[in-house]
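Taking this note's numbering, I'd label the letters of the sequence shown as residues 225 to 1431. Cβ atoms here follow ideal geometry from the backbone N, Cα and C, with glycine treated the same way. Source: prediction; values computed, not measured.
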Amino acid sequence: MRVIVQDVNDNCPILPRVSYSFTPVPPLVQAAFFTIKATDLDSDENARISYYPQRITETDEVSRTRYYTNNFTEVVWVNKTIETRWTYRIYAVDNGNPRRGDFIPVNVTVNATCTSHANFVINNITGEVFLRAPTLTGSEYPRNSTQRPMCRRCRTGHYCVGDGTELPCGKSSPTEYSFAGANECDKCPEGWLCHNGTALPCPADTWVACNESFCPEKCNACEPGTVCFNGKQTDCLPGTYSNGTGFPCQLCPPGSYNNITRATTCTCCPVGYTSTYRKNGCRACHVREWAEEGSFPFCGLCKTCVTPSQCPCLAVPSPCFPGVACRNLDYGNFQCGDCPAGYEWNGTDCVDINECTRASPCNSSCTNLIPGYRCGGCPAGHRGSAPSGIGLEQATNSKQSCEDIDECLEGGHLCDGNAKCINTIGSYKCGACNAGYIGNGYSGCIPGDFCDAGVSDCHSNATCTSQGSGRYTCECKVGFGGNGYEECGPDTDLDGIPDKGLSCIDPHCKRDNCPYVPNEGQGDNDDDSDGDDCDTDDDNDNIPDVVDNCPFVRNDDQKDSDSDRVGDACDNCNTTSNSAQQDLDGDGTGDECDDDIDGDGLLNANDTCPKLNTTDQRDVDGDRVGDKCDNCPNRPNGNQNDSNQNGYGDVCDDPAIAGNDRDGDSVFNDYDNCVNLPNAEQANKDDDASGDACDDDSDNDGVPDTEDNCPLVQNPDQSHLNLTFDAIGAEVGDLCNKDFDGDGFPDNQDSCPHVDNIHKTSFLHHFIVWLDRQSTDNDVWKISNEGRDIQHTSNRSNPSMLIGNQRYGPVDFSGTIFVNTDEGLNYIGFVFGYQSNRKFYSVMWRHKNLNLDQNTYQAGIKGLQLKLINSNTGPSNNLAHALWHSGDTSNQVSLLWHDPLMQGWEHKTAYRFYLKYRPSVGKIRLIVKEGDSVLADSGDIYDTTITGGRLGVIVYGQNDVIWSRLQANCQDRENHALLFDGVDDYVLLPSVKDLQLTDSFTISAWIMLAQSYPTTLMPVVCTTDDTICLYIENRKLRGRLGTAVVSSNGIIDGENWHHVTLIYDAQRHELVTFLNGTEDARLINVQPLSWVNNSVVYLARNSNGFFKGMLDDVSFWPVKQQDNEVKEYSKLAGLSWPKHKRIVRAHYTMDQRLGTVVLDESGNNLDGSLKGNPQWVQSSLDKVRFQLTYPNNRKRRHVAGIIHTEL
């Protein structure tokens, strides 16, 4: 058996096994001589065959003719080619890969008269074979002629394409022509007459210009003032002339001129003048020459003076006024020039001009001079020059300009600094005192902020904090304890309690019962004047606390019936082992043996929330866990597993579900009362669907928050009889002047006076996080002082954290940290922005340098460190090792700041830490003090990864750590923007040169437009003359530099923040726009501008219109940003690195909340000023920056067309 395998897509095409030999008669015909056809077993595209010719050889047949010359004495042989024979190969090639083919040979014999232009032509698709000889056609010969067919040249007036045809010119255009041997007709050239396919040149002194549809019968005569050459007419230029004949134009004779085009003659120069070199004007003769006018063409020439009678200007003195030019004319005559500036008359005599009376050049006094004038100084209250000059022209065109001095703007006024100054023409007046001040603008205003004024009653060792107009609080400085008002005494352990008792009667004035160990709570179980934290036997049973199984209850027998290491005398469950001694409801019975743990009257077995005091037993998902305590109330999860400890059950915390937390504040969308604005604290005063942070009327009293003087307390009448103002001078209504959020806690006792649901700092409600995921009962934490003091007494080698349940947004977190032992050298610190055991910020501090082990690069370096934990594994050895390392670890930990002094903590030394955290602008600042001295200050660090979360403390391998006097104070959002009405609101910025926009530059801004914003031009950043302009038009982003405009294709949708950027690269001459960090459009060959004018720059307007919407975070860079930097810098609220490097020229964050000046945060003092009435409003840009870092959290919306909705 034989098996044949054939590949149907890898075959060669096959041509017939023949060869062609022929002599075409006649040689040139329109039809094909023959057609070849190949076959191919391939299929589809592989079987597509193309045909190609290739000439291989060429052979001539020559005849020899003998001629006799020189009276038949010599013979000359002449060779003549009769025929030419060509050998071709014609190939057939398929479309496979590789391409394959076949060929056949073809022999062709052609008459020699055809070979000069002849060649084979093949239709590549059909295989038809032609012979073509462009410019030739077939010869005509008698029918009975025996002469072989021949080719001949195409005749004049015809064209031949080479297929034996000869067609006349004139079909496409009546003026087209050809000469003999043409394969196409040409357009009629200028200067030729073209008719019936022929062309003739124009004779001399004539011209013609035929077009495609018409040609005159004869050439035109050359017109006077012009010359004609080669049939083309040319105008005579100034200084030349012509009568229409001859070539070229004639130059005007000496002494004559003309200054017009197409002149037919020249004119003699007037007396005293002769012609210029080019004969297009006249110049005066030298002072020692004179000239007559003459008559063209015999014009006068300058002649040298022989006697004074010929040239009067040579006389001494001159016949003209001093300083006036004298010009000789013809024989014996002269002419004087114009009088000097400041004089007038005929030049022979001149009189002074009184510019003061005739031109009024001055705004003040004017003194006439001979010649000229002088202005006095500007009137009082004005500034300007005191110009002087000579002549009416200068006095008319350069008048004195005196502008009013704005004493208010320039500081040249005597109004009190806390009153409004009102400018008037030539002067100013003082208005009333600003809000929060009393008095008047002339005699002075007493500030309501007594702290700034230095008139508070605070002790000299206390810090004054303003609570508004006339209100303040006093707190002893670090290193001092007391009430802050009457007395502040030394405080060694920094717990706010003085080492020695003070005369004041407040609790904080009593003597510290543990002066060297921080214990703000001052617990003293046995009343022996030694605080529990420094008393080795707190129950006086002569058994040291370290071995006493009831350290706070006397029990000499140390009986422990259930062997849980807690003595029976203090065990809240004597018969059940429960070393943790948890007692949720505080009824004295431990949770392990309490049948109603939460004390809500429902037995644990019947309670769907056994650890939450509530009678609401609803259970929507039927998992036997009540909705009130269910960490995933809409999906069954009876085990309540929460592996990443973010407060949400694993079943509804699926990493595959993108966008669970759209604004990044650690509150999932389903539970977040402000989904699109970070508000981790979740305050909601009126208990509606919108949290206070995104509720236009938080207290539901019908008055918008922006106008409400009590936004969190219902007061529709807006009563303000008490004239109370807050710390920034805003009005505070009577109903909330002492309790702003109306939560029943006075502002001076409320840790969050503007947040209704947080009143005090407490870590009583907390959970423990083991970052190595190895939980242990030996990890012992103690909470005291109502949750403000924390103590970690165990010695655990791996990192663990105690995290409070309460979430915070912007917050100031402070406390005292203390290592109460002489042993250990590892990490202590605290946590903020905790969102899960994978994601949080941590401040960590080592005592000494130490590698994790001998075989690792992971080094624990002493000195304070600020770290961002964003782990892809969560609690694990990898995360624990990364936390040890004082540097970056990919996918685990990023080091944001490390104290450059690398100072380690010391044993039994108290330190006070202060954290400023403003997630709305990504700002973090850490200050640590030892006593009254600043040990470390991070400065402002910017990171937008986390927008809010929980607070806590952390320890890693260090025992006996105390955190005392912990205090978390909520703060207002810093992220604000400017809202423009689109009518007359804008910001006036410094000039183009001040902002350094004259070379390469980058302009960037965040914009938000209304849902149905106008499609007309919306200027974002523009100069006064629109030379530079970043704007929106027809909902598309556009950028302008000079006359060059770069335009995008994407549509900008409303009600979303968009980052827009305009970049000019002066080296590459490119103008580029970016939208949301991605290149949107690019224009090349944009030349730099010369910048003669120094235009000022606007925000939100141009020369023709105004912007309607919100602007935030506008930056100017005197360099071209790299493409990858555009998106990277859009995430940086503070732009700290570019500012430090002096790359940013101006940066307007819009975060100041009030005032008429837009501050430049770059340090270059290029502030702007508000015009019209733009409004300071809250900005949600922190949500957008979070989504730039975590794009899966973006809200997707479907909009027809190309619409940018990334953010």
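From Pro-536 to Asn-592, what distance separates their C-alpha atoms? For this step, residue 536 is matched to residue 312 along the sequence shown. For this step, residue 592 is matched to residue 368 along the sequence shown. Taking the straight line from one Cα to the other gives about 35 Å.
Just list the residues that DSSP pairs Asn-598 with in beta bridges. As a working note, residue 598 is residue 374 in the sequence shown. Sequence check: residue 598 is Arg here, not Asn. DSSP output for Arg-598 lists Thr-591, Ser-612 as bridge partner(s).
Hey, Ala-487 and Tyr-501: beta-carbon distance below 7 Å or not? The count along the sequence shown starts at 1 and reaches residue 487 at position 263. The count along the sequence shown starts at 1 and reaches residue 501 at position 277. Against a cut-off of 7 Å, the Cβ pair of Tyr-501 and Ala-487 comes out as no contact.
Below 8 Å on the Cβ atoms is my guess for Cys-934 versus Cys-918; work out the distance and round it to an integer in Å. Your numbering for residue 934 matches position 710 in the sequence shown. Your numbering for residue 918 matches position 694 in the sequence shown. No, Cys-934 and Cys-918 are not in contact; Cβ-Cβ is about 19 Å, not under 8 Å.
Once DSSP output is grouped into helix, strand and coil, what is the label at His-1105? On the sequence shown, residue 1105 is found 881 positions in, with the first residue counted as 1. The answer is helix: DSSP assigns His-1105 an H, G or I state.
Classify Leu-239: buried if its beta carbon has 16 or more other beta carbons within 10 angstroms, exposed otherwise. Residue mapping note: residue 239 aligns to position 15 of the sequence shown, counting from 1. Leu-239 should be labelled buried.
Do Val-1004 and Ser-1018 have their CB atoms nearer than 7 Å? Taking the first residue of the sequence shown as 1, we reach residue 1004 at position 780. Taking the first residue of the sequence shown as 1, we reach residue 1018 at position 794. Cβ atoms of Val-1004 and Ser-1018: closer than 7 Å.
Ordered along the chain, which non-local residues of its own chain (more than five positions away) have a Cβ less than 7 Å from that of Thr-1226? The count along the sequence shown starts at 1 and reaches residue 1226 at position 1002. Thr-1285, Ile-1287, Trp-1341, Val-1343, Lys-1344, Gln-1345.
Short Cβ contact (7 Å threshold) for Phe-1471 with Leu-1175: As displayed, the chain neither begins before 225 nor continues past 1431, which places residue 1471 out of reach and without an answer.
Tell me the rounded alpha-carbon separation between Val-242 and Glu-390. Counting from one through the sequence shown, the residue named residue 242 turns up at place 18. Counting from one through the sequence shown, the residue named residue 390 turns up at place 166. Approximately 35 Å between the Cα atoms of the pair.
Exposure label - Trp-416; buried when at least 16 CB within 10 Å: Taking the first residue of the sequence shown as position 1, residue 416 is located at position 192. That one is buried.
From the DSSP output, which residues share a beta bridge with Lys-835? For the purposes of this step, residue 835 is taken as residue 611 along the sequence shown, with counting starting at 1. Per DSSP, none; premise fails for Lys-835.
Using a Cβ-Cβ cut-off of 6 Å (strictly less than) and excluding sequence neighbours within five positions of Ser-612, which residues of its own chain qualify? Numbered from 1 along the sequence shown, position 388 holds the residue referred to as residue 612. The answer, listed in chain order, is Arg-598.
Give every residue of the same chain whose Cβ lies closer than 6 Å to the Cβ of Leu-1213, excluding the five residues on either side of it in the sequence, and list them in chain order. As a first step, residue 1213 must be located in the sequence shown, where it is residue number 989. Same-chain partners within the cutoff: Val-1321, Gly-1392.
What is the DSSP secondary structure of Glu-1257, counted as helix, strand or coil? To locate residue 1257, count along the sequence shown from 1; it is residue 1033. Strand, per DSSP.
Reducing DSSP to helix, strand and coil, say where Ile-238 ends up. Mapped onto the sequence shown, residue 238 falls at position 14. Here Ile-238 sits in strand by DSSP.
Please report the distance separating the alpha-carbon of Ser-1224 from that of Gly-1329. Taking the sequence shown and counting its residues from 1, the one referred to as residue 1224 is at position 1000. Taking the sequence shown and counting its residues from 1, the one referred to as residue 1329 is at position 1105. If you take the alpha carbons of Ser-1224 and Gly-1329, they lie about 26 Å apart.
What are the start and end residues of the beta strand (DSSP E) that includes Phe-1037? Counting from one through the sequence shown, the residue named residue 1037 turns up at place 813. Its beta strand (DSSP E) spans residues 1035 to 1043.
I'd like to check one pair, Asp-845 with Ile-835: are the Cβ atoms closer than 7 Å? Position 611 of the sequence shown holds residue 835. Position 621 of the sequence shown holds residue 845. The sequence as given places Lys at residue 835; Ile does not occur at that position. The answer is no: Cβ separation not under 7 Å.
Does the beta-carbon of Ala-428 have 16 or more other beta-carbons within 10 angstroms, so that it is buried, or is it exposed? Residue 428 sits at position 204 when you count from the first residue of the sequence shown. So Ala-428 ends up on the exposed side.
Compute the distance between the beta-carbons of Cys-669 and Tyr-696, then report whether it is under 7 Å. As a working note, residue 669 is residue 445 in the sequence shown. As a working note, residue 696 is residue 472 in the sequence shown. Contact: no.
Nearest candidate by alpha-carbon position, reference Ser-245, set Pro-329, Thr-350, Thr-259: By 1-based counting over the sequence shown, the position of residue 245 is 21. Checked all of Pro-329, Thr-350, Thr-259; the closest Cα to Ser-245 is Pro-329.
Taking 7 Å as the cut-off, decide whether the C-beta atoms of Phe-1298 and Asp-1304 are in contact. Translated into positions along the sequence shown, residue 1298 becomes position 1074. Translated into positions along the sequence shown, residue 1304 becomes position 1080. Closer than 7 Å, so yes.
Between Pro-603 and Ala-954, what straight-line distance do the alpha-carbon atoms span, to the nearest angstrom? Position 379 of the sequence shown, counting from 1, holds the residue named residue 603. Position 730 of the sequence shown, counting from 1, holds the residue named residue 954. Distance between the alpha carbons of Pro-603 and Ala-954: 40 Å.
Expected contact under 8 Å - CB spacing of Gly-1173 and Arg-1409 to nearest Å: Counting from 1 along the sequence shown, the entry for residue 1173 is found at position 949. Counting from 1 along the sequence shown, the entry for residue 1409 is found at position 1185. In fact, because the Cβ distance is near 16 Å, the residues do not count as touching under 8 Å.
Let me know if Trp-1230 comes out buried or exposed under the rule of 16 or more other beta-carbons within 10 Å of its beta-carbon. Locating residue 1230 in the sequence shown gives position 1006, counting from the first residue. Buried is the call here.
Starting from Leu-1139, follow the beta strand (DSSP E) in both directions and report where the run begins and ends. Indexing the sequence shown from 1 puts residue 1139 at position 915. Per DSSP, Leu-1139 belongs to the beta strand (DSSP E) from 1135 to 1142.
What are the boundary residues of the alpha helix (DSSP H) that Thr-581 is part of? By 1-based counting over the sequence shown, the position of residue 581 is 357. Counting along the chain, the alpha helix (DSSP H) containing Thr-581 begins and ends at 579 to 583.
Using DSSP bridges, identify the partner residues of Leu-1203. Taking the sequence shown and counting its residues from 1, the one referred to as residue 1203 is at position 979. Partner(s): Met-1334, Gln-1399.
Option in Asp-824, Gly-455, Cys-412, Ala-423 with minimal Cα separation from Val-432: The sequence position of residue 432 within the sequence shown is 208, counting from 1. The shortest Cα separation from Val-432 among Asp-824, Gly-455, Cys-412, Ala-423 belongs to Gly-455.
For Gln-559 and Gly-496, believed in contact at Cβ under 8 Å, the rounded distance: Working through the sequence shown from its first residue, we reach residue 496 at position 272. Working through the sequence shown from its first residue, we reach residue 559 at position 335. Right, their Cβ atoms sit about 7 Å apart.
With a threshold of 7 Å on Cβ separation, who are the neighbours of Gln-869 within its own chain once the five nearest residues in sequence on each side are excluded? For this step, residue 869 is matched to residue 645 along the sequence shown. Excluding positions up to five away in sequence, the list reads Phe-991, Val-993, Ser-1060, Asn-1061.
Within its chain, find whatever has a CB closer than 6 Å to the CB of Pro-1312; leave out the 5 residues flanking it on each side and keep chain order. Position 1088 of the sequence shown, counted from the start, is the residue given in the question as residue 1312. Excluding positions up to five away in sequence, the list reads Ala-1290.
Tell me where the alpha helix (DSSP H) around Glu-414 begins and ends. In the sequence shown, residue 414 corresponds to position 190, counting from 1. Segment: none, Glu-414 is in no alpha helix (DSSP H) and carries neither H nor E.
Three-way DSSP call (helix, strand, coil) for Phe-1298 in this model: Stepping through the sequence shown from its first residue, residue 1298 is reached at position 1074. Correct three-state label for Phe-1298: strand.
May I ask you to report which of helix, strand or coil DSSP gives Asn-773? Reading the sequence shown from its first residue, position 549 is the one you call residue 773. Asn-773 falls in the coil class under three-state DSSP.
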